[in-house]
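Numbering (this note's numbering), first residue to last: 141 to 344.
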């Protein structure tokens with residue numbers, strides 16, 4: 141739970157990075173939605189106080205790297221499509237991860253290959269969808285939705301594995317949904333207010 145709680149720092153890194161490297165304007169409502177989303181996630185996770193571990197540093201490092209990848213993806217969407225950006229990731233990521241995998245390689249069974257293929261398809265779809273979202277909205281505006289993954293995890297756990305969410309999962313989930321819904325509505329209103337009508341044609 142402590143590791144998952146530390147991973148919640150990811151959206152904060154992305155938001156700060158978007159401010160300094162992408163020049164995005166981070167208004168108070170985004171900070172508020174981000175804070176409430178993190179608070180709801182902490183309610184679900186309820187981390188303990190077991191003390192510092194070297195593993196925590198790797199979690200922070202992984203979140204910084206993940207934030208950097210999102211910022212690069214947002215930058216690439218200015219000139220490339222979501223599919224092209226995702227292809228870049230796959231092409232560069234495959235040889236790097238292969239080198240690491242060779243040291244612990246275990247040949248998967250036919251059944252495992254099926255599940256690995258399913259995971260690969262889902263990951264590709266998730267990445268393409270994320271980059272496509274970056275194409276139409278500020279990356280900082282998308283980060284409050286990051287916390288929805290905890291709700292999906294609880295939902296899948298209930299439907300697939302029969303794991304009944306506890307009271308704190310429901311409470312934290314409601315806070316996350318509220319914060320995500322709020323920022324979505326505010327961003328939609330903001331985008332609508334910036335739409336300008338084209339000049340009339342034909343001299344009318």
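For glycine and all other residues, C-beta sits at the position ideal for the given N, C-alpha and C.
Annotated as distal: residue 294 and residue 282, with beta-carbon spacing of 7 Å or more.
Between residue 150 and residue 316 the beta-carbon gap is near 15 Å, outside 8 Å, which marks them as no contact. Between the C-alpha atoms of residue 159 and residue 165 there is a straight-line separation of about 6 Å.
Membership of residue 246 in any alpha helix (DSSP H) is not indicated, and neither H nor E is assigned to it by DSSP.
Annotation for residue 221: no alpha helix (DSSP H) segment contains it, and DSSP assigns it neither H nor E.
Judged by DSSP in its simplified three-state form, residue 162 adopts coil rather than helix or strand. By the Cβ rule, the region 193 to 212 does not count as touching the region 240 to 249, because fewer than three pairs are nearer than 8 Å. For residue 293, the enclosing alpha helix (DSSP H) covers residues 288 to 301.
Residue 205 is classed as exposed because its beta carbon has fewer than 16 other beta carbons within 10 Å across all chains shown. Scanning its chain for C-beta atoms nearer than 6 Å, with the 5 sequence neighbours on each side dropped, one finds around residue 173 the residues 284, 319, 322 and 323, in chain order.
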